[in-house]
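A.B. asks: Residue numbers (the UniProt record's numbering): 1 to 331.
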Amino acid sequence: MGTPRLGDKVAEITDVSFGYEGAAPLFSNLELMLDNRERLGLIGPNGAGKSTLLDLIAGRRSPTVGTIDTGSTVRIGYYDQIGVELDPRQRVREAITGGRREPDWQDSALLESFWFDGDAQWAPIELLSGGERRRLQLLLVLAQKPNVLLLDEPTNDLDLDTLRVLEEFLDDWPGALIVVSHDRAFLERTVADVIIMDGHTTPSRRPGGYAAWEEKRRSSMVRGRISDPGKSASKSSNRTKSPGAATSPVNKKPTRSASTLRFLIKDLEKEIKRLTKVKDRLETKVAELATSGNHVDLTTSGAELTAVISELESAEEQWLQLTDEAEQASN
Numbered sequence: 001m002g003t004p005r006l007g008d009k010v011a012e013i014t015d016v017s018f019g020y021e022g023a024a025p026l027f028s029n030l031e032l033m034l035d036n037r038e039r040l041g042l043i044g045p046n047g048a049g050k051s052t053l054l055d056l057i058a059g060r061r062s063p064t065v066g067t068i069d070t071g072s073t074v075r076i077g078y079y080d081q082i083g084v085e086l087d088p089r090q091r092v093r094e095a096i097t098g099g100r101r102e103p104d105w106q107d108s109a110l111l112e113s114f115w116f117d118g119d120a121q122w123a124p125i126e127l128l129s130g131g132e133r134r135r136l137q138l139l140l141v142l143a144q145k146p147n148v149l150l151l152d153e154p155t156n157d158l159d160l161d162t163l164r165v166l167e168e169f170l171d172d173w174p175g176a177l178i179v180v181s182h183d184r185a186f187l188e189r190t191v192a193d194v195i196i197m198d199g200h201t202t203p204s205r206r207p208g209g210y211a212a213w214e215e216k217r218r219s220s221m222v223r224g225r226i227s228d229p230g231k232s233a234s235k236s237s238n239r240t241k242s243p244g245a246a247t248s249p250v251n252k253k254p255t256r257s258a259s260t261l262r263f264l265i266k267d268l269e270k271e272i273k274r275l276t277k278v279k280d281r282l283e284t285k286v287a288e289l290a291t292s293g294n295h296v297d298l299t300t301s302g303a304e305l306t307a308v309i310s311e312l313e314s315a316e317e318q319w320l321q322l323t324d325e326a327e328q329a330s331n
């Protein structure tokens, strides 16, 4: 795509905090070195400051505290949730060429690869659907030939076909990439590391992508409950005995016996193992379909995978609740 050469450094973020006047900081004491090989996902709940961090990297905002030193060769392309303003009087082709009579071969290839081929290039922007406008806004960012690409929730407005093309584009793209997304499949395909932003603690970088972080988080929760049940029971007891503490239904004596709870836990563990195997199989299938171009089966399998992940999360949460109850029943 003719991406300009990028030096070693994208940005050095030093002791950065950001907050709005009169409100608690969104995040504090962030230390981060972004280099030219960056493939980074920002994950966390809404309102945790993920989009704000992209704005800081792009220079749209300034940190409340700290500094951001951007590399001298950095050329940022930013696909945000608002999008580049479009002139409804223009045609698609004119928007991309910026007034030139003919698009260069790179612009032409970009248009065609993102489903604007032939007559579609001459369509008036005012006649485009909402999804087509968002796709054109993405192309306008890519046509700037950035070497650092910031994507803020790209899966919210882009259709499945466009997302598959974007994933393939990013596979071969030589620049640095920073993505905000709640879409696990997209993050797994496009990023190598994640930064966890929970809105309460200093953002932390975790290697290995979303799935690796999620697996470690859940394993840590489960291992902590299994390896040190006394600690959890002690905390529950302390909460109950605190002076003036309100009575909580969580701390009531369980109505089910310890033997019944052990049976339920064992049965649930079998279900968790089964769902994990199904999830692994579907993840493999979705990855294969994504490269084969079979969009119909990909949509179906993707929906199945989402449902299984939801079931697995629910089962794991239920397991944690049952082990809590079993600890109380044994006291």
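Glycine included, each C-beta is placed from N, C-alpha and C at the ideal position.
The model shown is predicted, which means the values in this text are computed figures rather than measured ones.
How many angstroms separate the CA atom of V116 from the CA atom of L139?
C.D. replies: Residue 116 is actually Phe in this sequence, not Val. Approximately 10 angstroms, taken between the alpha carbons.
A.B. asks: Throw me the rounded Cβ distance for the A212 and I272 pair, which I believe falls under 8 angstroms.
C.D. replies: Not a contact, Cβ separation roughly 19 angstroms.
A.B. asks: Would you grab the beta carbon distance between P25 and S17 for me? Rounded to a whole angstrom, and I think it's under 8 angstroms.
C.D. replies: P25 to S17, Cβ: 5 angstroms. Contact.
A.B. asks: Using the beta-carbon count (16 or more within 10 Å), is E126 buried or exposed?
C.D. replies: When all chains shown are included, E126 counts as exposed.
A.B. asks: Nearest to H200 by alpha carbon, out of A11, V10, A23?
C.D. replies: Looking at the Cα atoms, A23 is the closest of the given residues.
A.B. asks: In three-state DSSP terms, what is Y210?
C.D. replies: In this structure, Y210 counts as helix in the three-state DSSP scheme.
A.B. asks: Provide the residue(s) that pair with I82 in DSSP beta bridges, ordered along the chain.
C.D. replies: None, per the DSSP bridge assignment.
A.B. asks: Do I195 and L42 have their C-beta atoms within less than 8 angstroms of each other?
C.D. replies: In this structure, L42 lies closer than 8 angstroms to I195 by Cβ.
A.B. asks: Smallest Cα separation from residue 332: which of I57, E327, R262?
C.D. replies: Because the chain is modelled from 1 through 331, residue 332 falls outside the range shown and cannot be assessed.
A.B. asks: So, at 6 angstroms on beta carbons, what are the nonlocal neighbours of V84 in its own chain, with the 5 sequence-adjacent residues on each side left out?
C.D. replies: Only Q137, L140 meet the Cβ criterion.
A.B. asks: Between the region 158-168 and the region 80-94, do at least 3 Cβ pairs fall closer than 8 angstroms?
C.D. replies: As far as the Cβ criterion goes, the region 158-168 does not touch the region 80-94, which means the pair count is below three.
A.B. asks: I need the boundaries of the beta strand (DSSP E) containing T190, first residue and last residue.
C.D. replies: No beta strand (DSSP E) holds T190; the alpha helix (DSSP H) holding it covers 184-190.
A.B. asks: Between the region 32-52 and the region 105-112, do at least 3 Cβ pairs fall closer than 8 angstroms?
C.D. replies: As far as the Cβ criterion goes, the region 32-52 does not touch the region 105-112, which means the pair count is below three.
A.B. asks: How long is the line joining the alpha carbons of H182 and S257, rounded to whole angstroms?
C.D. replies: Cα to Cα, H182 sits roughly 40 angstroms from S257.
A.B. asks: Using a Cβ-Cβ cutoff of less than 6 angstroms, which residues in the same chain neighbour I265 once the five nearest sequence positions on both sides are dropped?
C.D. replies: So the qualifying residues of the chain are L322.
A.B. asks: Roughly how many angstroms separate the alpha carbons of V286 and A192, rounded to a whole number?
C.D. replies: Using only the alpha carbons, I get a separation of about 18 angstroms.
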